[in-house]
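Structure first, then comments.
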Amino acid sequence: MKKRNDGRLVVVEKDMEETEEVEASIMKELGMPCFIKASRSGSSVGCYRCDKVEDLLPKLEEAAKYDTHVVVEECVDCIELETAVLGNDDIIVSRVGQIPAKVDEEIQEQIRKYAVRAFKAIDGHGLSRVDFFLDKKTNHVYLNEINTLPGFTSISMYPQLMEDYGYSYSELLDKLIEIADEN
368 MKKRNDGRLV
378 VVEKDMEETE
388 EVEASIMKEL
398 GMPCFIKASR
408 SGSSVGCYRC
418 DKVEDLLPKL
428 EEAAKYDTHV
438 VVEECVDCIE
448 LETAVLGNDD
458 IIVSRVGQIP
468 AKVDEEIQEQ
478 IRKYAVRAFK
488 AIDGHGLSRV
498 DFFLDKKTNH
508 VYLNEINTLP
518 GFTSISMYPQ
528 LMEDYGYSYS
538 ELLDKLIEIA
548 DEN
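Counting from 368, one number per residue, gives the positions in the sequence shown under our numbering.
Right, here's the structure in full:
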C-alpha cells in the first residue's frame, strides 16, 4: 500500500498494478483483523491493529503520515522471536532469542537460516537484528523485519544475543570495528 504524490491511497497488487479499491483488496487478501504499519518507521511508530473494515482508511491515513509506503499484514496469533546477525561475507547468526525463548531446535535452525537469507537479500553488512513471528498454531515462521541499526546498549537484545553466541560486549565492539575495516 502506498500514498501517491497526489495524496491518494492505493494498493500495489502482486502484478505491481495500483488499485484504489483499498478496502476490498485488503479484505480479499487478508481479512480482519490486520496490522497496518508505516513501512520504514521504527519502535512501532505508525503501527496500528485494525479490527473493523470501517477503521481501515483512517488507520491507513494515519500510518501514511509517517511513511508513504504502508504495510498491511495478516493478524497471526504468534510469538515474536529475534536473531542477531554479524558480518560482511562470513556471516554469523545468534541463537533465536525471546524473553523467554522456548522454541525447539528445528524451528530455531529454520529461523537462523531465514535470518541469513534476509540479511543477504538486503546486501547487509556489519550487524542487524532480524525479527520473526512464529504462528502458535501452525509453527509457520514469518519474517517481521530487519533492523539494520538495532539498539546497542548493554541491555539491548542485540548485544544479549551476541553474548549468548560467545561475544562479550567489548569483544562485540572489537568485532564490529574489524568488520567495518573490511569495507
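For glycine and all other residues, C-beta sits at the position ideal for the given N, C-alpha and C.
Considering Cα atoms alone, identify which of the options is closest to residue i.
i: D418; options: A405, V389 and M399; result: M399
i: M524; options: C414, V463 and G454; result: V463
i: G413; options: G374, L540, V439 and K542; result: V439
i: V516; options: I446, E530, D498 and G533; result: At residue 516 the sequence reads Leu, which differs from the Val that was named. Considering only alpha carbons, the answer is D498.
i: T386; options: M368, F402 and N372; result: M368
i: L427; options: D541, I393, I458 and T450; result: I393
i: H507; options: E441, R407 and L453; result: E441
i: I484; options: P467, G518 and L453; result: First, the residue type needs correcting, since residue 484 is Arg and not Ile in the sequence shown. Measuring from the Cα of R484, the nearest candidate turns out to be L453.
i: L448; options: L510, D531, R371 and S537; result: L510
i: H436; options: V389, F402 and R371; result: R371
i: L376; options: K504, A430 and C401; result: A430
i: D471; options: K503, F486, E421 and K404; result: K503
i: S461; options: V443, K542 and A482; result: A482
i: Y433; options: L501, Y536, I474 and S410; result: S410
i: G374; options: L424, I403, L543 and E380; result: L424
i: L501; options: M383, S406, D444 and L543; result: D444
i: F519; options: G533, V389, S537 and C401; result: S537
Which residues does DSSP list as the beta-bridge partners of residue i?
i: N514; result: R496
i: H436; result: K369
i: L424; result: The partner list for L424 (beta bridge, DSSP) is empty, contrary to what the question assumes.
i: K404; result: C414 and V438
i: T450; result: V497
Would DSSP call residue i helix, strand or coil?
i: I474; result: helix
i: D548; result: helix
i: D541; result: helix
i: D444; result: coil
i: V483; result: helix
i: T384; result: Note on identity: in this sequence residue 384 is Glu, with Thr being the wrong assignment. Here E384 sits in coil by DSSP.
State buried or exposed for residue i, treating a residue as buried only when at least 16 other CB atoms are found within 10 Å of its CB.
i: I522; result: exposed
i: L539; result: buried
i: G491; result: buried
i: M529; result: buried
i: S535; result: exposed
i: P526; result: buried
i: E488; result: According to the sequence as given, residue 488 is Ala; it is not Glu. Answer is exposed; the Cβ neighbour count stays below 16.
i: V379; result: exposed
Could you give the residue range of the beta strand (DSSP E) that holds residue i?
i: I393; result: First-last for I393: V389 to E396, but that is the alpha helix (DSSP H), not the beta strand (DSSP E).
i: V377; result: L376 to V379
Just curious, the alpha helix (DSSP H) that residue i is in, first and last residue?
i: Y534; result: Neither: Y534 is in no alpha helix (DSSP H) and is coded neither H nor E.
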